[in-house]
Structure formats: structure tokens, C-alpha cells
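>
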Amino acid sequence: MAGKDVNLDFDRSKRIGISEAILCEGKSISQIGEALENSIHRPILLTRLEQNILKSLPDIFQKKIDYDSISRTGFFGKVPVVKSPPQVVIVTAGTSDTPASREAARTLQFHGEDPLEVTDIGVAGIWRLLDRIDDISSFRIAIVAAGMDAALASVIGGLMSSIIIGLPTSTGYGAAEGGRTALNAMLTSCSPGIAVVNLDNGYGAACVALRALNQIVSQSK
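If you want it as C-alpha cells, here you go:
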């Protein structure tokens, strides 16, 4: 007899300060449904949830999901209460990087943190960044989403002392190699101390920010 396909980690938040999430990519509709059934009395974050998969879920689940098509994320259950003012800024080089940056924003929002999102300020028009650098540098934590040459992360890293989390995206073509150039550029940045997550991993970037925030809060008590 086959066992259950889903075994959710509801104690994760107590251990590390970050809630369990359901990665929908690679899961069947029945497996996602089983996970939601197990979470029926608990809010849970869904990532990489395609719209056609959402529409294939039973109505009882669809009605409980706050869905964002850009980031392909869903809040299942009660929508979290967002704290204010924002403690994290998310900077996006180009509009094409928005799916990854929005995944980061939604992950933070699910955990009660509403970030400031500053979009389309890539280095091709450096004045756009310079116009906003005072606002951006006022935050303790910055997530920088960029594809192509991903130069924005290095430039911001040289302009401010905040914690910087590089979020390379697969934006670009040809020598951009599906984002590998952006990833390698961030990993080899000459601006020291930039943390870097996997390609298009907005969820992971947000989790790094949440770990940092949790430490800041605990040390301030």
C-alpha cells in the first residue's frame, strides 16, 4: 500500500522563523490538493503555481487562494496582516525581472513584511538608480533582481552598506545563457559581501531577508 505523497513541516516556523511552503512545480494536481487538504486550517504559501493548475484544483481550494499571476504565487487561507513600515527594499533592474522580484515580495508579504518595490532602474540608465539611491540605502536589507549582465547588484553593492541579496534572473538571450551570465556576474562581483541565491529564486532571496530580519529583531530585544 502506497504511503502519503505529502508530509508537511508545520513546525518549521518555530525552528527557523520561516513557514512551510508548497512548491507546486513538479507536483500533480492530486498532490497539491493533498497538501492543501492537510493545510485546511493553516495558511500556507504556494510557489510556482501555474494558472492552469490553479483552475484545475477543486473549487473549495480555489476560493481560499489569493493568487498573483506575475509571481505565480498563492496565499492559501487567511491573508497575513502586513507590518509597517517596510524593512526590505526590492530593486529590479528591468521589467522582465519582475516575476522573480514579485515572488520575493509575495514571500515577504506572506510572512508579514511588506517590502518597498523599486522597479526598472537598471544601469543602462544609471540616473534612474541615482535618483532613488537615498531611498534604497535607507533600508537595512536590499534584494537586487537583475538578468543579462546583472551589473546592478555590483553597483548597488558599491554605493551602500546594507545587507544585499543578489537575485539573478534568466532574463536575456544569446550569451546571457539563460541567466548563467547573471548568476556568475553576481558570484564574482567585486563589491564584497553580496549574498547570491539561485536563478529566478525570489522565494529563496526573501528567505535570506527573513533570516536576517529575525536576527535583527531578536538582537534588539
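For the sequence shown, the working numbering assigns the number -4 to the initial residue and increments by one for each residue that follows.
All C-beta atoms in this analysis are idealised placements derived from N, C-alpha and C, irrespective of residue type, glycine included.
(1) Identify which residue in 158, 203, 157 and 153 has its Cα closest to the Cα of residue 184.
(2) For residue 5, which of helix, strand or coil comes out of DSSP?
(3) Would you identify the three-state DSSP class for residue 63, choosing helix, strand or coil?
(4) Comparing C-alpha positions only, which one of 35, 14 and 110 sits nearest to residue 87?
(5) Taking the continuous alpha helix (DSSP H) assigned at residue 141, which residues delimit it?
(6) For residue 40, which option in 29, 62 and 58 has the closest C-alpha, if you only look at C-alpha atoms?
(7) Looking at residue 189 and residue 148, is the spacing between their C-beta atoms short of 8 angstroms?
(8) Going straight from the alpha carbon of residue 15 to that of residue 5, what length do you get?
(9) By the 10 Å Cβ neighbour count, where 16 or more other Cβ atoms means buried, how is residue 89 classified, buried or exposed?
(10) At what residue ranges does the region 7 to 87 contain a whole run of the alpha helix (DSSP H), taking only runs of 4 or more?
(11) To the nearest angstrom, how far is the alpha carbon of residue 124 from that of residue 101?
(12) Go through the region 139 to 187 residue by residue and report every complete run of the beta strand (DSSP E) that reaches 3 residues or more, in order.
(13) Tell me whether the region 163 to 181 and the region 113 to 132 touch, counting them as touching only if at least three CB pairs, one residue from each stretch, are closer than 8 angstroms.
If we stick to the structure as given:
(1) As a working mapping, residue 184 is identified with position 189 in the sequence shown. Closest option to residue 184, Cα to Cα, is 153.
(2) Position 10 of the sequence shown, counted from the first residue, corresponds to residue 5. Reduced to three states, the DSSP call for residue 5 is coil.
(3) Position 68 of the sequence shown holds residue 63. Reduced to three states, the DSSP call for residue 63 is strand.
(4) The count along the sequence shown starts at 1 and reaches residue 87 at position 92. Per the Cα distances, 110.
(5) In the sequence shown, the residue the question calls residue 141 occupies position 146. From DSSP, residue 141 is part of no alpha helix (DSSP H) but of the beta strand (DSSP E) over 136 to 141.
(6) To locate residue 40, count along the sequence shown from 1; it is residue 45. Nearest to residue 40 by C-alpha distance, out of 29, 62 and 58, is 62.
(7) For the purposes of this step, residue 148 is taken as residue 153 along the sequence shown, with counting starting at 1. For the purposes of this step, residue 189 is taken as residue 194 along the sequence shown, with counting starting at 1. The Cβ atoms of residue 148 and residue 189 lie closer than 8 angstroms to each other.
(8) By one-based count along the sequence shown, residue 15 stands at place 20. By one-based count along the sequence shown, residue 5 stands at place 10. Going by the C-alpha atoms only, they are around 6 angstroms apart.
(9) Taking the first residue of the sequence shown as position 1, residue 89 is located at position 94. With 16 or more Cβ atoms within 10 Å of its Cβ, residue 89 is classed as buried.
(10) Segments of the alpha helix (DSSP H) lying fully in the region 7 to 87: 7 to 11, 24 to 33, 46 to 51 and 54 to 57.
(11) In the sequence shown, counting from the first residue as 1, residue 124 sits at position 129. In the sequence shown, counting from the first residue as 1, residue 101 sits at position 106. For residue 124 and residue 101, the distance between alpha carbons rounds to 23 angstroms.
(12) When DSSP assignments are scanned along the region 139 to 187, the uninterrupted stretches of beta strand (DSSP E) that are 3 or more residues long and fall wholly within it turn out to be 158 to 163.
(13) No, they do not touch.
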